[in-house]
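This report concerns only the one structure given below.
Numbering (our numbering), first residue to last: 47 to 286.
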């Protein structure tokens with residue numbers, strides 16, 4: 047009985063020894079140009095473009111109806127299309143300039159209907175998580191102080207002008223075939239010139255909260271293929 051059990055040992059040893067060779071062969075196949083293994087997270091490509099949708103929120107001043115005593119709080123909620131380019135350097139560092147354009151879906155739409163919003167972010171970007179600091183500026187292209195909504199009624203609406211903001215962002219990027227979906231959460235402090243009836247604050251600060259969802263074009267396979275080809279060419283040129 048002991049001999050029967052011991053007879054399995056050579057077979058098991060051969061099987062265990064074959065596993066590393068099979069794994070190495072699979073890794074070699076995975077490194078072929080154009081192949082992306084979904085089980086392995088790749089570092090972000092050096093260059094990639096991003097198209098996103100961005101929603102921000104800023105709480106503004108309120109006004110009180112002199113006749114009824116009823117107060118109305120106003121909010122600035124820009125909804126924008128976001129166009130960005132992200133460059134990776136020093137392996138884990140990234141820089142991302144972006145330009146967002148859109149409209150205001152808050153109850154200050156009539157006072158500030160359109161916005162252009164350029165931004166610049168710099169920070170860490172890994173295969174899944176990113177953390178960055180950013181600066182941005184936005185200014186409503188049309189601003190009409192104390193205008194009253196013809197459809198909703200209410201009180202006169204405020205405007206915020208010359209808006210500069212600094213803040214941080216946390217991002218999550220999950221790769222999909224030939225691209226990646228990116229989710230970004232931001233918190234920033236905005237310095238604005240607030241005007242609302244007799245209120246005139248040229249250097250007022252308020253928080254801004256932003257959510258952005260976007261799509262990175264390309265998975266970096268072409269870049270990796272070009273890099274592998276350059277390495278192969280250099281190795282071939284170095285051979286005697």
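Using N, Cα and C, we set each Cβ at its ideal position, and we do this for glycine too.
Open item on the list: By the three-class DSSP mapping on this structure, what secondary structure does residue 279 have?
Closed with: Collapsing the DSSP output to three states places residue 279 in a helix.
Taking buried to mean at least 16 other C-beta atoms within 10 Å of its own C-beta, is residue 152 buried or exposed?
Buried is the call here.
| task | Return the residue from the list 179, 169, 263, 283 that minimises the CA-CA distance to residue 95. | result | It is 263 whose Cα lies nearest to the Cα of residue 95.
**Study point:** Classification of residue 109 by the beta-carbon crowding that lies within 10 angstroms, buried from 16 upward
**Key:** Under this definition residue 109 is a buried residue.
>> So within the region 169-250, which uninterrupted beta strand (DSSP E) runs reach at least 3 residues, ignoring any that extend past its ends?
In response: 175-186, 205-222, 225-242, all fully within the region 169-250.
Buried or exposed for residue 139, going by 16 or more other Cβ atoms inside 10 Å?
With fewer than 16 Cβ atoms within 10 Å of its Cβ, residue 139 is classed as exposed.
Q: Indicate whether residue 144 and residue 130 have their beta-carbon atoms separated by less than 8 Å.
A: Taking 8 Å as the Cβ cut-off, residue 144 and residue 130 qualify as a contacting pair.
Secondary structure of residue 284, DSSP reduced to three states
Helix at residue 284.
Three-way DSSP call (helix, strand, coil) for residue 155 in this model
Assignment of residue 155 by DSSP, reduced to helix, strand and coil, places it in the coil class.
Next item on the list: Could you check the C-alpha separation between residue 281 and residue 133 for me, to the nearest Å?
Entry: Between residue 281 and residue 133, the C-alpha separation is close to 28 Å.
Pick from 244, 216, 198, 221: whose alpha carbon is nearest that of residue 255? Selected option, being the one with the closest Cα: 216.
**DSSP state of residue 108 mapped onto helix, strand, coil** = Here residue 108 sits in strand by DSSP.
Look up residue 149 in the DSSP assignment and say whether it is helix, strand or coil.
-> Residue 149 falls in the strand class under three-state DSSP.
Quick check on DSSP: helix, strand or coil for residue 89? Assigned with DSSP and collapsed to three states, residue 89 falls in coil, not helix or strand.
Handout entry: Opening and closing residue of the beta strand (DSSP E) in which residue 128 lies
Key = Where residue 128 is concerned, the enclosing beta strand (DSSP E) starts and stops at 124-135.
- prompt: Apart from the five residues on each side of it in sequence, which residues of its chain come closer than 6 Å, Cβ to Cβ, to residue 209?
  reply: Apart from the 5 residues on each side of it in sequence, residue 209 sits with its Cβ closer than 6 Å to the Cβ of 184, 236, 238 in its chain, given in chain order.
Residues sharing a beta bridge with residue 95, DSSP
Answer by DSSP bridge pairing, in chain order: 131.
Among 100, 89, 88, 92, which has the Cα closest to the Cα of residue 229? Check the Cα spacing between residue 229 and each of 100, 89, 88, 92: the tightest is with 100.
### Task
Apply the 10 Å Cβ neighbour rule to residue 253 and answer buried if 16 or more other Cβ atoms are within range, or exposed otherwise.
So residue 253 ends up on the exposed side.
Legend entry - 8 Å Cβ cutoff, residue 139 in contact with chain B: Protein chains in the displayed structure number just one, and chain B is not present.
Closest to residue 222 by C-alpha separation, out of 173, 182, 192, would be which residue? With respect to the C-alpha of residue 222, the residue from 173, 182, 192 having the closest C-alpha is 173.
message: For residue 76, count the other beta carbons within 10 Å of its own beta carbon; 16 or more makes it buried, fewer makes it exposed. Which is it?
response: Caution applies to residue 76, whose pLDDT of 49 falls short of 50 and renders its modelled position unreliable; the model cannot decide the point.
Out of 141, 104, 279, which one is the CA nearest neighbour of residue 251? The shortest Cα separation from residue 251 among 141, 104, 279 belongs to 104.
Subject >> residue 203 versus residue 137 - alpha carbon distance >> reply: Taking the straight line from one Cα to the other gives about 47 Å.
- Query: Tell me which same chain residues have a C-beta within less than 6 Å of the C-beta of residue 186, skipping the five on either side of it?
  - Reply: Correct list, in chain order: 158, 161.
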